[in-house]
Amino acid sequence: MSNEAASPERKPSPKIDTTVPHSARVWNYWLGGKDNYPVDREAGDAFARLCPKIIVDARATRHYMARAVRHLAGETGIRQFLDIGTGLPTVDNTHQIAQRVAPESRIVYVDNDPLVLAHARALLTSTPEGRTWYIDADVRDPESILAEVSGLLDLSRPTALMLMGILGHVADLAEARSIVRRLMDALPSGSHLVHYDGTDVDEACTRATRFYNDNSGGIAYHLRTPEQLGTLHEGLETLEPGMVMVTHWRPDPSPFDLPDTTQFGAVSRKP
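Right under this line is the structure:
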């Protein structure tokens with residue numbers, strides 16, 4: 000999939016509300032993408048003025064995702080990926096990374112934002128040996144997701160469930176834990192959860208998030224402590240190094256110091 004396929008200045012779909020920012024489009028803007036509107040850029044700039052490290056955060060999460068997928072497709076042998084809350088296509092998406100390691104990998108992307116789905120369907124690609132699909136569904140309705148996915152993936156085989164930066168949109172932590180549990184309960188032993196979310200470890204970024212929630216009109220995002228994020232992995236075997244800053248999750252060798260980030264993540268295995 001390519002980031003070059005769409006311009007934010009095109010005539011928007013009537014289903015897409017361009018009067019309020021959307022987190023997927025704001026994130027796309029921070030990543031240097033083109034699939035966003037003026038309202039998203041304004042919100043992204045306002046946030047970055049209060050929390051400049053958000054740009055580093057955005058890029059760090061993409062690198063973390065790539066390392067996690069490479070690990071699962073390579074060392075662990077996972078061949079099925081369920082990526083919920085896909086966001087807008089950029090470079091090195093889940094299917095591209097997984098199929099680079101194992102061309103036969105099968106990936107299902109899930110989102111319920113019309114702009115994300117429009118781009119996803121237009122840019123749908125796969126290796127000849129593998130498959131990719133997109134479905135329109137909401138993370139808050141795991142049963143509907145699983146009903147659709149069951150016709151696309153073999154849920155008797157180990158699958159990687161990817162929840163990347165999406166559970167912060169679920170206000171109640173108990174509900175977020177329930178969503179993870181219900182999804183993981185449907186997957187067999189050997190399946191993995193790949194997850195990250197924003198945390199409250201940086202005061203400036205916490206203020207920026209509060210300002211965004213109170214003033215943007217977009218869907219609120221709820222920061223949590225790293226310890227609270229860890230509870231989303233209860234009942235699973237968390238791989239080393241545990242719940243950490245995404246820059247510290249099995250980093251690639253580098254002569255440079257690892258940057259701090261407000262985004263924490265972990266990868267866990269279902270026993």
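For the sequence shown, numbering that gives the first Met the number 0 begins at 0 and goes up steadily by one. Every residue, glycine too, gets a C-beta built ideally from N, C-alpha and C.
What are the boundary residues of the beta strand (DSSP E) that includes residue i?
i, result
"Met163", "Ala159 to Met163"
"Arg264", "Strictly speaking, residue 264 in this sequence is Gly, with Arg absent from that position. Gly264 -> beta strand (DSSP E) spans Gln262 to Arg268."
"His70", "Not the beta strand (DSSP E): His70 falls in the alpha helix (DSSP H), residues Ile53 to His70."
"Leu81", "Gln79 to Ile83"
"Leu192", "His191 to Gly197"
"Thr131", "Arg130 to Asp135"
"Asp110", "Arg105 to Asp110"
Compute the Euclidean distance between the alpha carbons of residue i and residue j, then round it to the nearest angstrom.
i, j, result
"Leu222", "Asp201", "10 Å"
"Ala45", "Pro270", "44 Å"
"Ser215", "Leu152", "38 Å"
"Glu128", "His94", "12 Å"
"Pro13", "Leu71", "Low per-residue confidence applies at Pro13: pLDDT is 46, beneath 50, and the placement is therefore not dependable enough to give any value."
"Gly150", "Leu186", "14 Å"
"Asn212", "Thr246", "26 Å"
"Trp248", "Gly73", "16 Å"
"Asp135", "Glu239", "33 Å"
"Ala175", "Ile144", "15 Å"
"Ala101", "Thr126", "10 Å"
"Ala203", "Glu236", "33 Å"
"Thr198", "Thr205", "8 Å"
"Gly233", "Val179", "According to the sequence shown, residue 233 is Glu rather than Gly. Each residue's Cα considered, the two are about 10 Å apart."
"Ser267", "Thr124", "28 Å"
"Thr17", "Ala23", "13 Å"
"Pro301", "Asp184", "No answer is possible for residue 301: the residues shown for the chain start at 0 and end at 270."
"Ala59", "Ser177", "27 Å"
"Ile96", "Glu103", "12 Å"
"Ser155", "Phe255", "42 Å"
"Asp137", "Gln98", "26 Å"
"Ala67", "Met244", "13 Å"
"Leu351", "Tyr36", "Given a span of 0 to 270 for the chain in the structure shown, any question on residue 351 remains unanswerable."
"Arg130", "Ala146", "18 Å"
"Val19", "Pro250", "36 Å"
Can residue i and residue j be called in contact, C-beta distance under 8 Å?
i, j, result
"Ile15", "Pro113", "yes"
"Leu30", "Arg69", "no"
"Thr42", "Gly217", "This sequence places Ala at residue 42; Thr is not what is there. Result yes, Cβ atoms of Ala42 and Gly217 sit closer than 8 Å."
"Val169", "Arg139", "yes"
"Asp82", "Ala65", "no"
"Tyr195", "Tyr28", "no"
"Val107", "Val148", "yes"
"Gly32", "Thr89", "yes"
Could you round the C-beta distance between residue i and residue j to whole angstroms and report it? I think they count as a contact, below 8 Å.
i, j, result
"Gly84", "Asp110", "6 Å"
"Trp26", "Gly86", "6 Å"
"Asp39", "His118", "Actually they do not touch by this definition, with Cβ atoms about 14 Å apart."
"Pro225", "Met242", "5 Å"
"Cys50", "Ala207", "4 Å"
"Pro141", "Arg181", "4 Å"
With residue i as the anchor, note down where its alpha helix (DSSP H) starts and where it stops.
i, result
"Met242", "It is not in any alpha helix (DSSP H) - Met242 carries neither H nor E in the DSSP assignment."
"Pro37", "Pro37 to Leu49"
"Gln211", "The sequence given here places Tyr at residue 211; Gln does not occur at that position. Start and end: Glu202 to Asn214."
"Thr93", "Thr93 to Val100"
"Ala173", "Leu172 to Asp184"
"Tyr28", "Ser22 to Trp29"
"Ile218", "No alpha helix (DSSP H) holds Ile218; DSSP gives it neither H nor E."
"Gly229", "Pro225 to Gly229"
"Ser143", "Pro141 to Val148"
With a cut-off of 8 Å, do at least 3 Cβ pairs link the segment 179-193 to the segment 155-170? Contact holds: three or more Cβ-Cβ distances are below 8 Å.
Evaluate the contact criterion for the segment 222-241 versus the segment 253-267: three or more CB pairs, one atom per stretch, below 8 Å. They touch, by the three-pair rule.
When you compare the segment 71-83 with the segment 35-51, are there three or more beta-carbon pairs, one atom per stretch, that lie closer than 8 Å? Contact between the segment 71-83 and the segment 35-51 is absent, because fewer than three Cβ pairs lie under 8 Å.
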